[in-house]
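Visitor: To get the numbering used here, take the position in the sequence shown, counting from 1, and add 20.
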Amino acid sequence: MKHHSGDRVMVRTVDDDGLPMVRYGNVCEQSNEDGPIVVMYDELSGTDIVDASEVRPVDITTIELVLHGFDLSADPDLRQGLAAMWRAEADVAGVSVLSMFLLGAGLRDSSDTWALAEVSDGTDTYVVRVHTNPNFPDTVTVRADRPNRWDW
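This is the structure:
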């Protein structure tokens, strides 16, 4: 994907200790399809040259929390806080969430997901869901997607 100067992006990388992290920023220079990209991060001064494979555009559907602890989705009290955590991450990313309607402790969406909230960016409506993955039983993922994911 070609990025243009000013595009809002997220960079998924690892910190000095080898732990995964996400940084948000803006593209400084137009890139070619597969070349490195110059990014200015929100929280750092100066720019960084980043491999294109680590860069993704920022929008409401790319904000994603990957959290450890299966109990975050299994426990209704803990599950209620996940939508607010997702919204805080969206705010940090610079994504406009104009409205959010919480669904209490969530609605069972499938055997591995709970719908937590309905959100709108002013144009479209999305559902914030917590997903579990049987291959990684102690990890949950919180993200927004279309109300009917199978209609993409």
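Virtual Cβ for every residue (Gly too), placed ideally from N, Cα, C.
Tell me the rounded alpha-carbon separation between Gly89 and Asp95.
Guide: Whole-angstrom Cα-Cα distance: 10 Å.
Visitor: What residues in its chain sit with their C-beta under 8 Å from that of Val78, if we drop five residues either side in the sequence?
Guide: Arg28, Val29, Met30, Tyr44, Ala113, Gly114 and Val115, listed in sequence order.
Visitor: Could you pull the start and end residues of the alpha helix (DSSP H) that Ser73 belongs to?
Guide: Neither: Ser73 is in no alpha helix (DSSP H) and is coded neither H nor E.
Visitor: Exposed or buried, which one is Leu102 when buried takes at least 16 other CB atoms within 10 Å?
Guide: Buried.
Visitor: Using DSSP with H/G/I as helix, E/B as strand and the rest coil, what is Asp171?
Guide: Legend: pLDDT at Asp171 = 46, less than 50; position of this residue unreliable, no value from coordinates given.
Visitor: According to the Cβ coordinates, are Val70 and Ile83 closer than 9 Å?
Guide: No; because the gap between Cβ atoms is not below 9 Å, this pair is not in contact.
Visitor: Do you know offhand how far Ile80's Cα is from Thr145's?
Guide: Straight-line Cα distance between these residues: approximately 10 Å.
Visitor: Can you give the Cα-Cα distance for Pro160 and Asp141, rounded to whole angstroms?
Guide: For the record, residue 160 in the displayed sequence is Val; it is not Pro. Between Val160 and Asp141, the C-alpha separation is close to 24 Å.
Visitor: Based on Cα-Cα distance, which residue from Pro154, Ser65, Met41 and Ser93 lies nearest to Val75?
Guide: Of the listed residues, the one whose Cα sits closest to Val75 is Met41.
Visitor: State the start and end residues of the unbroken beta strand (DSSP E) segment that holds Arg149.
Guide: Its beta strand (DSSP E) spans residues Thr145 to Asn153.
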